[in-house]
Amino acid sequence: MFHVKGTFEVPRVERPSRREFEQRFLFPQRPVVVSGATEGWPARERWTNDYLTEKVGARTIQPSKANDDGRHLHAKPKKAIVVTAPSMKLADYVELLAGGDLSDGQLYAVQLPIKTSLPELWPDVRFPTFVDEQKYSAVNLWIGPGNNVTPLHYDLPNNLLTQVRGRKQVVLCPPREIARVYPFPFGYLGNHISQVDVANPDLTRFPAWSDAKRALVELGPGDMLFIPSCWWHAVCGIDQNMSINYWWRCRSINYLKNPRQMARLVGQAGLAVGGALSQKVIRTAGHHPSNGLPGEQTQSLP
Numbered sequence: 001m002f003h004v005k006g007t008f009e010v011p012r013v014e015r016p017s018r019r020e021f022e023q024r025f026l027f028p029q030r031p032v033v034v035s036g037a038t039e040g041w042p043a044r045e046r047w048t049n050d051y052l053t054e055k056v057g058a059r060t061i062q063p064s065k066a067n068d069d070g071r072h073l074h075a076k077p078k079k080a081i082v083v084t085a086p087s088m089k090l091a092d093y094v095e096l097l098a099g100g101d102l103s104d105g106q107l108y109a110v111q112l113p114i115k116t117s118l119p120e121l122w123p124d125v126r127f128p129t130f131v132d133e134q135k136y137s138a139v140n141l142w143i144g145p146g147n148n149v150t151p152l153h154y155d156l157p158n159n160l161l162t163q164v165r166g167r168k169q170v171v172l173c174p175p176r177e178i179a180r181v182y183p184f185p186f187g188y189l190g191n192h193i194s195q196v197d198v199a200n201p202d203l204t205r206f207p208a209w210s211d212a213k214r215a216l217v218e219l220g221p222g223d224m225l226f227i228p229s230c231w232w233h234a235v236c237g238i239d240q241n242m243s244i245n246y247w248w249r250c251r252s253i254n255y256l257k258n259p260r261q262m263a264r265l266v267g268q269a270g271l272a273v274g275g276a277l278s279q280k281v282i283r284t285a286g287h288h289p290s291n292g293l294p295g296e297q298t299q300s301l302p
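Residue 170 in the UniProt record's numbering sits at position 170 of the sequence shown; the count goes up by one each step and never skips.
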């Protein structure tokens, strides 16, 4: 678990209207936890281990394999960021999960596109009413055993992380904190990942992390967390957990639309890092890939 002291609170609202969500959170790009929006959703009621085994147990998956420090999502030069375990049937993964054999968090079923990879589950999926359904670019399933940790990173698409089962902790940092989260160099695949281990930060190597503005959020079944574009986030499964995430295209790439904000970001990050970041945003303008990083064989983990 993350033992992090937050410096600000993420608000929690109950089933906002589209107008409220857009004006208070989407347009200003502020995170929020939405409660009560999944009441009556088939996925919440049906997706037990037995149901998954019956409906999609024969489907093949490749779980993500954690690195030596227990985190998923790796940043290394010219290497894939998600290291996968050998392929297995989803039913076998669920059986290991139910038996407690994955409690060390080493194997994590990540970013399974529901509509294309698990179509039998698609009829159980619903969309939040406060976002235009036509704007979604990806809807993915995530199944973790607990202790599954995704390091601090950012994605370009807006994201709704929705808890179906179990609990997760999320640490959030605003984009302007880039200089205090120490992203990997731009020569790396996975340069959208922080070098800071949020669960056990090395303040000798990364002293500015202690001053980073951050929030700690706990999500339970039925909660949705809006993670705006380019917000840094780290995620830890507290117990066995299942999530759906919805990525959708930004109204526009915020930093490209607002040159002053981009300039501030460049100044905060340092000229070399900030300049490379601005070029990355410019290259991706107008795209809304499922992994947020077109042209790179990477995945984004919520």
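We put the beta carbon where it would ideally sit given N, CA and C, even for glycine.
Quick caveat, the model's predicted, so the values are computed rather than measured.
Are residue i and residue j close, meaning C-beta to C-beta below 8 Å?
i              : j              : result
glycine 57     : leucine 216    : no
proline 31     : leucine 160    : no
residue 303    : glutamine 111  : Since the first and last residues shown for the chain are 1 and 302, residue 303 lies out of range.
isoleucine 81  : glycine 190    : yes
alanine 199    : valine 149     : yes
cysteine 230   : leucine 152    : no
valine 94      : asparagine 147 : no
proline 145    : glutamine 240  : yes
isoleucine 61  : leucine 90     : yes
aspartate 211  : arginine 180   : yes
tryptophan 142 : asparagine 245 : yes
serine 137     : arginine 249   : yes
Report buried or exposed for residue i, applying the criterion of at least 16 other Cβ atoms within 10 angstroms of its Cβ.
i              : result
proline 134    : With the sequence shown as reference, residue 134 is identified as glutamine, and proline is not the correct amino acid for it. It counts as exposed.
tryptophan 247 : buried
histidine 3    : exposed
alanine 208    : exposed
tyrosine 255   : Confidence at tyrosine 255 is low in this model, with a pLDDT of 48, below 50, so the placement of that residue should be treated as unreliable; the coordinate-derived value is given next. The residue is buried, with at least 16 neighbouring Cβ atoms inside 10 Å.
arginine 18    : exposed
lysine 168     : buried
glutamine 163  : buried
proline 63     : buried
proline 201    : buried
proline 86     : exposed
glycine 187    : exposed
glycine 166    : buried
Out of the options, which has the shortest C-alpha to C-alpha gap to residue i?
i              : options                        : result
leucine 172    : His3, Val10, Met1              : Val10
proline 128    : Gln29, Ser229, Gly36           : Gly36
serine 194     : Arg126, Thr116, Arg71, Lys168  : Arg71
methionine 88  : Leu107, Ile238, Val82          : Leu107
cysteine 236   : Arg24, Lys55, Asp104           : Asp104
arginine 59    : Pro119, Arg126, Phe184, Met242 : Pro119
methionine 242 : Val13, Ile178, Ala109, Gly99   : Ala109
Measuring straight from C-alpha to C-alpha, what distance separates residue i and residue j?
i                : j                : result
valine 34        : arginine 15      : 6 Å
glutamate 39     : tyrosine 154     : 29 Å
methionine 1     : phenylalanine 27 : 32 Å
serine 117       : isoleucine 227   : 24 Å
threonine 53     : alanine 43       : 14 Å
phenylalanine 25 : isoleucine 114   : 27 Å
tyrosine 51      : lysine 65        : 25 Å
valine 196       : threonine 84     : 22 Å
glutamate 20     : leucine 96       : 42 Å
The ligand SAH and residue i: does the residue's C-beta get closer than 7 Å to at least one heavy atom of that ligand?
i          : result
serine 210 : For the ligand SAH, the structure offers nothing, since it holds no ligand at all.
Which runs of the alpha helix (DSSP H) at least 4 residues long sit entirely within the stretch 62 to 150? Give them in chain order. Positions of the alpha helix (DSSP H) runs, each at least 4 residues long and wholly inside the stretch 62 to 150, are given as 90 to 98, 114 to 117 in order along the chain.
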